[in-house]
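K.L.:
The structure is given below, and queries will be raised subsequently.
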Amino acid sequence: MLLVAVARRAPRTWWAWVGVGAAGLVVAGSFLYPVVIEPAFNDFTSLPAGPLRTDLLDLAAANGTPVQDVLVADASRRTTALNAYVSGFGSTRRIVVYDTLLDQLPDDQIESIAAHELGHVATDDVLTGTLVGALGAGAGVALLGWLLGSAPLLRRAGAEGPGDPRVVPLVLLLVAVGTLLSTPVQNGVSRQLEARADQHSLDLTEDPDAFAAVMRRLAVANLNQPDPPAAWQWFFGSHPTTAQRVAAAQEWSR
Numbered sequence: 033m034l035l036v037a038v039a040r041r042a043p044r045t046w047w048a049w050v051g052v053g054a055a056g057l058v059v060a061g062s063f064l065y066p067v068v069i070e071p072a073f074n075d076f077t078s079l080p081a082g083p084l085r086t087d088l089l090d091l092a093a094a095n096g097t098p099v100q101d102v103l104v105a106d107a108s109r110r111t112t113a114l115n116a117y118v119s120g121f122g123s124t125r126r127i128v129v130y131d132t133l134l135d136q137l138p139d140d141q142i143e144s145i146a147a148h149e150l151g152h153v154a155t156d157d158v159l160t161g162t163l164v165g166a167l168g169a170g171a172g173v174a175l176l177g178w179l180l181g182s183a184p185l186l187r188r189a190g191a192e193g194p195g196d197p198r199v200v201p202l203v204l205l206l207v208a209v210g211t212l213l214s215t216p217v218q219n220g221v222s223r224q225l226e227a228r229a230d231q232h233s234l235d236l237t238e239d240p241d242a243f244a245a246v247m248r249r250l251a252v253a254n255l256n257q258p259d260p261p262a263a264w265q266w267f268f269g270s271h272p273t274t275a276q277r278v279a280a281a282q283e284w285s286r
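In the working numbering, the protein residues as written are 33 to 286.
This is the structure:
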């Protein structure tokens, strides 16, 4: 592992170097994804001129979000999922819709999805998530460094220190436990952000019927359980349940 190699070269400060590297990878990934990763897995074409393109650009303008283009991703090559997102920063920002959306949904439902994604942009959720992710990665490595400084723990692992290859199973175990413990916290925060973006979509489109309809369609297309058990939702749910999202649309219309 890279961690072991760095720990051998800098036994006292390895955790700082690895932490900075992990945080840097999070930030770099966020900025490079729309211009490097996305084109590697998808072919994009501009959405032809027409009512949908005009409406999506108008939504972006009303949102205060300048976008470079509205693109269609040929996602149907690898998935039947329905999705759209706003990608990039500054001059690279664009609205991307899956071709599956164009094939299966009416324009008003596509616009509800796009408005939800524009809500994330309006509140800087992507940027905030990138910064929090970078800080979390750095903090996680620092905590790992503290744990690997425990002589009793290292003895149990049969390792002499972080630079000993025999420490790798212990590192993997600690990372797995940390991921498990942090999952409900991360998902709890995610649900709040998603609920806020849902509200933004309703405010921006003023079309609760289309929003409720597309939430039901997404649940079917993406194989989501509409109303899962509360414990399951608390641990695994990164979004509000379909039932909660439909109820929010009904509440908005009152």
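Quick reminder that beta carbons are idealized off the backbone N, C-alpha and C, glycines included.
Just so you know, these numbers come straight off a predicted model, no measurement behind them.
#1: Leaving aside the five residues before and after L35 along the sequence, list all residues of the same chain whose C-beta is less than 6 Å from its C-beta, in chain order.
#2: Count the CB pairs spanning the region 68 to 88 and the region 185 to 198 that are closer than 8 Å, and state whether there are at least three.
#3: The beta strand (DSSP E) spanning A116 covers which residue range?
#4: Thinking C-alpha only, which one of T162, D87, P272 and V173 is nearest S144?
#5: Please classify W264: is it buried, with 16 or more other beta-carbons within 10 angstroms of its beta-carbon, or exposed?
#6: Roughly how many angstroms separate the alpha carbons of E238 and L150, rounded to a whole number?
#7: Tell me, please, whether the region 181 to 192 touches the region 229 to 247 by the rule of three or more beta-carbon pairs shorter than 8 Å.
#8: Count the C-beta pairs between the region 116 to 135 and the region 201 to 209 that are closer than 8 Å, then say yes if the count reaches three, no if not.
#9: Just verifying my parser: in three-state terms, what is the DSSP assignment at T77?
#10: Less than 6 Å between C-beta atoms, sequence neighbours within five positions excluded: which residues of the same chain meet that for I142?
#11: Taking just the CA atoms, how far does L103 sit from I69?
#12: Give the C-beta separation of L137 and V221 to the nearest angstrom, bearing in mind that I take them to be a contact with Cβ-Cβ under 8 Å.
#13: For L91 and A146, which I take to be in contact (beta-carbon distance under 8 Å), what is that distance rounded to the nearest angstrom?
#14: Mind checking F267: buried by the 16 CB within 10 Å criterion, or exposed?
#15: In the structure shown, what three-state DSSP assignment does V99 receive?
#16: What residue range does the alpha helix (DSSP H) around R249 cover?
#17: In this structure, how does DSSP classify A105 when only helix, strand and coil are distinguished?
#18: Report the residue from D135, V99, V164 and P216 whose alpha carbon sits nearest the alpha carbon of S108.
#19: Measuring straight from C-alpha to C-alpha, what distance separates A275 and D259?
#20: Give me the Cα-Cα distance between A229 and R110, rounded to the nearest whole angstrom.
#21: Quick one: grab the DSSP three-state call for R277.
#22: When you compare each of D139, N115 and G165 to V129 by their alpha carbons, which one comes out closest?
#23: Which value, in whole angstroms, describes the spacing of the CA atoms of A113 and A48?
#24: Could you tell me which whole beta strand (DSSP E) segments of length 3 or greater appear in the region 174 to 221?
P.N.:
The short version:
#1: Taking the sequence shown and counting its residues from 1, one reaches residue 35 at position 3. So the list reads V50, once near-sequence residues are dropped.
#2: no
#3: In the sequence shown, residue 116 corresponds to position 84, counting from 1. A116 to S119 is the span of the beta strand (DSSP E), which, as asked, contains A116.
#4: As a first step, residue 144 is located in the sequence shown; it is residue number 112 there, counting from the start. Checked all of T162, D87, P272 and V173; the closest Cα to S144 is D87.
#5: Residue mapping note: residue 264 aligns to position 232 of the sequence shown, counting from 1. So W264 counts as exposed.
#6: The residue given as residue 238 occupies position 206 in the sequence shown. The residue given as residue 150 occupies position 118 in the sequence shown. So the alpha carbons of these two residues sit roughly 14 Å apart.
#7: These segments do not touch.
#8: no
#9: Within the sequence shown, residue 77 is the residue found at index 45, counting from 1. T77: strand per DSSP, three-state reduction.
#10: As a position in the sequence shown, residue 142 is number 110, starting the count at 1. Closer than 6 Å at the Cβ level, and outside the excluded window around I142, lie L133.
#11: Indexing the sequence shown from 1 puts residue 69 at position 37. Indexing the sequence shown from 1 puts residue 103 at position 71. Taking the straight line from one Cα to the other gives about 15 Å.
#12: As a position in the sequence shown, residue 137 is number 105, starting the count at 1. As a position in the sequence shown, residue 221 is number 189, starting the count at 1. The Cβ separation is near 29 Å, so there is no contact.
#13: Taking the first residue of the sequence shown as 1, we reach residue 91 at position 59. Taking the first residue of the sequence shown as 1, we reach residue 146 at position 114. Between A146 and L91 the Cβ distance is about 6 Å, and since that is below 8 Å, they are a contact.
#14: If you number the sequence shown from 1, residue 267 lands on position 235. So F267 ends up on the exposed side.
#15: Start at 1 with the first residue of the sequence shown, and residue 99 comes out as number 67. V99 falls in the coil class under three-state DSSP.
#16: Here residue 249 refers to the residue found at position 217 of the sequence shown. It spans P240 to A253 - the alpha helix (DSSP H) in which R249 sits, taken as one unbroken run.
#17: One-based indexing of the sequence shown puts residue 105 at position 73. Strand at A105.
#18: Taking the first residue of the sequence shown as 1, we reach residue 108 at position 76. Minimum Cα distance to S108 is reached at D135.
#19: Numbered from its first residue, the sequence shown carries residue 275 at position 243. Numbered from its first residue, the sequence shown carries residue 259 at position 227. Each residue's alpha carbon lies about 6 Å from the other.
#20: One-based indexing of the sequence shown puts residue 229 at position 197. One-based indexing of the sequence shown puts residue 110 at position 78. Their Cα atoms are separated by approximately 27 Å.
#21: Here residue 277 corresponds to residue number 245 of the sequence shown, with the count starting at 1. In this structure, R277 counts as helix in the three-state DSSP scheme.
#22: Taking the first residue of the sequence shown as 1, we reach residue 129 at position 97. The shortest Cα separation from V129 among D139, N115 and G165 belongs to N115.
#23: Counted from its first residue, the sequence shown places residue 113 at position 81. Counted from its first residue, the sequence shown places residue 48 at position 16. One C-alpha to the other measures close to 40 Å.
#24: none
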